[in-house]
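Okay, structure first, notes after.
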Amino acid sequence: MTTSTAATTRSSKAAVTPAISMRGVTKTFGDVAAVDNLDLDIADGEFFSMLGPSGSGKTTVLRLIAGFEQPTSGTITLAGTDVTGVAPFDRDVNTVFQDYALFPHMTVLDNVAYGLRVRGVGKSRRRTEALEALGTVQLAHLADRRPHQLSGGQRQRVALARAMVVTPRVLLLDEPLGALDLKLREQMQVELKQLQRDLGITFVFVTHDQEEALTLSDRVAVFNNGSVVQLGTPQQIYEKPTSRYVASFVGTSNIFDDATSVGLLGRSGTFALRPERITLRTDGGGPTTSTAGTIARRGVIVESIYLGSGHRVHVRLDDGTGLIVLEQGAGESDDGERGAAVIASWNERDLVALS
Ligand code: ADP
Ligand code: MG
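Residue numbers for the sequence shown follow this note's numbering, beginning at 83 and rising by one.
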C-alpha cells in the first residue's frame, strides 16, 4: 500500500514537472538577439518540435538546453533542477547534430560506445549496450563497419544510436533528417516517431520542414526572430493559426486583408482560408448560393496545376481577389480549363481570424 502511494506520488510529480523549462531566456551575439526572452515548458515524454525558417533561433535554443551556450539572461531547468552553469556532459540530455559528426576512423560500434567510454563504463558492458542501441535502429549487423561504408540513412541511424546509448531523458535533434532524400526522410520520420513512443524519451526536434513538424509532434512551437510566435498541437497550428506569419509559413493559406474582407466577406478583419476548404463548380449562370453559412463567389480559372494527388487551381474572383484552391483526387478541374467560369464556395466557419 505504502509503496504504491509513493509510486503514484512520484509519477504524478513527474507528470507536472516539465522535462525542460525556460524562463525569460535571452541569448545575444553582438547586436543579434538569437533568442529573445523565451518562456517554454516541454513535458516529460513529449515529442516537441521547434519549427521556423533559417536564422529564427532554433539551434541556439537547442545549444542552450544542451549547455553548449550559456544564456545572456534567464534560467533553464531540466526536470526541475536549475542547470545554469552545469557542463553539457553533466546534463541528462544528448544531441543528434544535423551533420551526424561521427568519428570517421572508428567503427560503428566504437562510435556508438564512445559516450559510455567517456563515462568510464567497462569494455564488455560498453559492447553489450552499444550493440543493443544499434539493435534499436536495426544496425547491429553493421557494427564493424566504418562510417564511410554506410549510406546516409544508416549514418543517421548510427548517430541516433550513439545519442541514445547513454539513455538520456531528453534527446535534442537538430534537423536530423535534413541531409536525407525524400523517401528515406519519410521512412526515418516513422522510425523516429516509433522509437520515441517506445522509449518514452522527451524529444526536442528542430526542423524548418512544416510537414515534418506537423506529422511527428505532440506540440509544435513556431519560431520567428528568436521568439515563439505560436505554440500548440499540430491541429491547432494548422487549423487555427493566430497570425499571418503562421498561416503562410505552415502550409498554404489564402489571406484576405481588411480591405478584401469587407468587399468579399462583408466584414472587416484579416482572415485565412485553407485551399482545401474551397470547392469549385462550373458556373452554370444560376444563383451563386443557396445554403446558409456558405459564401460563394464567381470567378475564372487562371491556372490548373496537376499534382498527382489532385490539382492546385488558381482562380481570379470577379472582384480581382486571387484564390488558391486544392482539389483532391480526380476532381472536376480535370476539365477545368484556363478561362473557365467557376463558382468558388466555402463555409464561413472555415475562415480563421488573424490578429
Ligand atoms: P536557426 O537554427 O533557426 O537557423 P540559429 O539559432 O542558428 O537559427 O541562429 C539564430 C541567429 O543567431 C542568426 O541570426 C545567427 O546568425 C545568429 N547566431 C547563431 N549562432 C551565432 C554565433 N555563434 N555567433 C554569432 N551569431 C550567431
Ligand atoms: Mg539551425
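Every residue, glycine too, gets a C-beta built ideally from N, C-alpha and C.
{"Check": "What beta strand (DSSP E) runs, 3 residues minimum, are completely inside the segment 253–310?", "Outcome": "284–289, 301–306"}
{"Check": "Please output, in chain order, the residues near the ligand ADP using a CB cut-off of less than 6 Å to any non-hydrogen atom of the ligand.", "Outcome": "PHE111, VAL114, ALA116, GLY134, SER136, GLY137, SER138, GLY139, LYS140, THR141, THR142"}
{"Check": "Could you compute how far the alpha carbon of ARG267 sits from the alpha carbon of GLY260?", "Outcome": "8 Å"}
{"Check": "In the DSSP assignment, find the alpha helix (DSSP H) that holds THR218 and state where it starts and stops.", "Outcome": "205–218"}
{"Check": "In whole angstroms, what separates the C-alpha of ALA88 from that of MET104?", "Outcome": "Any reading at ALA88 must be qualified, since the residue scores a pLDDT of 42, below 50, and its modelled position is unreliable; no value is offered."}
{"Check": "With three or more beta-carbon pairs closer than 8 Å as the criterion, would you say the segment 330–339 touches the segment 292–299?", "Outcome": "yes"}
{"Check": "Is ILE102 helix, strand or coil when you go by DSSP?", "Outcome": "strand"}
{"Check": "Quick one: give me the first and last residue of the beta strand (DSSP E) that SER335 is part of.", "Outcome": "Element bounds for SER335: n/a, residue is neither H nor E."}
{"Check": "For GLU257, verify whether its CB is less than 8 Å away from any heavy atom of the ligand MG.", "Outcome": "yes"}
{"Check": "Starting from ASN429, follow its DSSP beta bridges and name the residues at the other end.", "Outcome": "THR376"}
{"Check": "Is the Cβ-Cβ distance between PRO229 and LEU184 less than 9 Å?", "Outcome": "yes"}
{"Check": "My output table needs one value for ALA169: the three-state DSSP class, helix, strand or coil.", "Outcome": "coil"}
{"Check": "Is the segment 246–257 touching the segment 208–217, taking contact as three or more C-beta pairs under 8 Å?", "Outcome": "yes"}
{"Check": "Is the closest heavy atom of the ligand MG to the C-beta of VAL288 under 8 Å?", "Outcome": "yes"}
{"Check": "Under 8 Å: does the beta carbon of GLN180 sit that close to some heavy atom of the ligand MG?", "Outcome": "yes"}
{"Check": "Cβ atoms of ARG279 and VAL175: under 9 Å apart, would you say?", "Outcome": "no"}
{"Check": "Going along the chain, which residues of its own chain have a beta-carbon closer than 7 Å to the beta-carbon of VAL219, five neighbours each way excluded?", "Outcome": "ARG239, LEU242, ALA243"}
{"Check": "Any Cβ of chain B within less than 9 Å of the Cβ of ALA374?", "Outcome": "Protein chains in the displayed structure number just one, and chain B is not present."}
{"Check": "Taking 9 Å as the cut-off, decide whether the C-beta atoms of VAL407 and ARG394 are in contact.", "Outcome": "yes"}
{"Check": "Once the 5 residues before and after VAL288 are set aside, which same chain residues still bring their CB inside 7 Å of it?", "Outcome": "MET132, LYS140, THR141, LEU144, LEU255, ASP256, GLU257"}
{"Check": "Quick one: Cα of GLU321 to Cα of LEU436, how far?", "Outcome": "12 Å"}
{"Check": "Exposed or buried, what is VAL107 when buried is set at 16 or more other beta-carbons lying within 10 Å of its beta-carbon?", "Outcome": "buried"}
{"Check": "Alpha carbon to alpha carbon, what distance is there between VAL434 and THR352?", "Outcome": "8 Å"}
{"Check": "Under a Cβ-count criterion, where at least 16 other Cβ atoms within 10 Å of its own Cβ denotes burial, should PRO153 be classed as buried or exposed?", "Outcome": "buried"}
{"Check": "Where are the beta strand (DSSP E) runs, 3 residues long or more, that stay fully inside the segment 378–406, in chain order?", "Outcome": "392–399"}
{"Check": "Please state if the CB of THR315 and the CB of VAL302 are separated by a distance shorter than 9 Å.", "Outcome": "yes"}
{"Check": "Just the C-alpha distance for ALA374 and ALA426, rounded to the nearest angstrom, thanks.", "Outcome": "15 Å"}
{"Check": "Classify ASP339 as helix, strand or coil using the three-state DSSP reduction.", "Outcome": "coil"}
{"Check": "How is ARG251 classed by DSSP in three states: helix, strand or coil?", "Outcome": "coil"}
{"Check": "Report buried or exposed for GLU385, applying the criterion of at least 16 other Cβ atoms within 10 angstroms of its Cβ.", "Outcome": "exposed"}
{"Check": "Taking DSSP's pairing of strands, which residues face GLY314 in a bridge?", "Outcome": "VAL302"}
{"Check": "Could you compute how far the alpha carbon of GLU409 sits from the alpha carbon of GLU128?", "Outcome": "34 Å"}
{"Check": "Using the beta-carbon count (16 or more within 10 Å), is THR284 buried or exposed?", "Outcome": "buried"}
{"Check": "Would you grab the beta carbon distance between THR110 and ALA161 for me? Rounded to a whole angstrom, and I think it's under 8 Å.", "Outcome": "Actually they do not touch by this definition, with Cβ atoms about 27 Å apart."}
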